[in-house]
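Below: the structure, in structure tokens.
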Amino acid sequence: MSTSLHHRAVEHLGTRIVGGSLPTGHVMLAEHLEDELKVSRSVVREAVRVLQSLGLVETIKRVGIRVLPAHRWNPFDPLVIRWRLAGEGRGAQLRSLAELRSAVEPVAAELAAANAPEELRKELAGISLAMKEAGDAGDMSRFLDLDIRFHALVLSGSGNEMFANLIGQVTETLTGRTVHGLMPEHPQPQALQWHIDVAAAISSGDGRKARDASAQIMRQTIAELAPSWDDQPRVFVPVAKS
24 MSTSLHHRAV EHLGTRIVGG SLPTGHVMLA EHLEDELKVS RSVVREAVRV
74 LQSLGLVETI KRVGIRVLPA HRWNPFDPLV IRWRLAGEGR GAQLRSLAEL
124 RSAVEPVAAE LAAANAPEEL RKELAGISLA MKEAGDAGDM SRFLDLDIRF
174 HALVLSGSGN EMFANLIGQV TETLTGRTVH GLMPEHPQPQ ALQWHIDVAA
224 AISSGDGRKA RDASAQIMRQ TIAELAPSWD DQPRVFVPVA KS
């Protein structure tokens, strides 16, 4: 099976489902997908398995492949996040991620101040200074790489494996902001300083300062992005009755 064909099939169907052109309840037939995508049955079958694992579709015997509602999707999967950021639901996705990060990252920074290995503290301090250099120079490609590494180290340095498993989601968020033109040409000087403050506080073991500086970063992030989600509805996940 061609990996590129499989990838193309997953991307084609995933973006259409998340983008809404294949709405909730829509039923697809495998043979029609073969013709539409010009791929074999095995490629369609594997693509559908991936989409099932993401909660986007379900297969129903003698009916077909049915599109599931948004509250059934796996909101933590980087693929779902990337597809939502590329579509009309971008604002809602940014809001959900920003709210998640604002709840997690300050706590992760505080924990990293207490728990991070010395090598991680040193690397974080160096990256924060490199971020300022790249930001001041307007080198946004390098800045993005450093920003991703910075936040990944904070999450990892917390010593909490559940926080560390959010690295993929944060990576997609930061990448999506850059790809879709939602980052300033030059990062705000105060934001650059807050990253330096987070790194310095973690390096010195000052959990309160690390948490406060991280919270400042997230407050500014939310303020910058809020206009993108003003008209975006929220997703309310039904809670099963016991």
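Going by the numbering used here, the residue at position 205 of the sequence shown is 228; the numbering climbs one at a time, nothing skipped. Idealized CB from N, CA, C, for every residue including glycine. Model, not experiment: these values are computed from the prediction.
Residue i burial status per 10 Å Cβ neighbour count (16 or more: buried)
i, result
"residue 116", "buried"
"residue 24", "Residue placement at residue 24 is poorly supported in this model, since its pLDDT is 44, which falls under 50; the coordinates still yield a value, given next. It is exposed - the Cβ of residue 24 has fewer than 16 other Cβ atoms within 10 Å."
"residue 161", "exposed"
"residue 185", "exposed"
"residue 170", "buried"
"residue 194", "buried"
"residue 127", "buried"
"residue 106", "buried"
"residue 19", "Any question about residue 19 goes unanswered here, given that the chain covers just 24 to 265."
"residue 174", "buried"
"residue 111", "exposed"
DSSP three-state assignment for residue i, whether helix, strand or coil
i, result
"residue 24", "Low confidence applies here, because residue 24 scores a pLDDT of 44, under 50, leaving its location unreliable; read the following figure in that light. Residue state, collapsed to three classes: coil."
"residue 81", "strand"
"residue 13", "As shown, the chain starts at 24 and ends at 265. That puts residue 13 outside it, with no answer to give."
"residue 154", "helix"
"residue 51", "strand"
"residue 138", "helix"
"residue 213", "helix"
"residue 99", "coil"
"residue 264", "coil"
"residue 39", "helix"
"residue 254", "coil"
"residue 208", "coil"
"residue 235", "helix"
"residue 259", "coil"
"residue 60", "helix"
"residue 197", "helix"
Option nearest residue i by Cα separation, candidates the options
i, options, result
"residue 27", "242, 60 and 53", "60"
"residue 257", "207, 122 and 174", "122"
"residue 45", "91, 242, 204 and 78", "91"
"residue 164", "128, 67, 209 and 31", "209"
"residue 189", "143, 98, 29 and 111", "98"
"residue 241", "196, 181 and 138", "196"
"residue 83", "49, 147, 106 and 158", "49"
"residue 79", "85, 37, 67 and 58", "37"
"residue 316", "108, 145, 70 and 88", "Because the chain is modelled from 24 through 265, residue 316 falls outside the range shown and cannot be assessed."
"residue 120", "178, 141, 63 and 104", "104"
"residue 245", "205, 234, 233 and 264", "205"
"residue 250", "139, 88 and 113", "113"
"residue 131", "95, 109 and 176", "176"
"residue 181", "147, 43 and 248", "147"
"residue 65", "226, 29 and 263", "29"
| query | Between the region 209–223 and the region 193–201, are three or more C-beta pairs nearer than 8 Å? | reply | no
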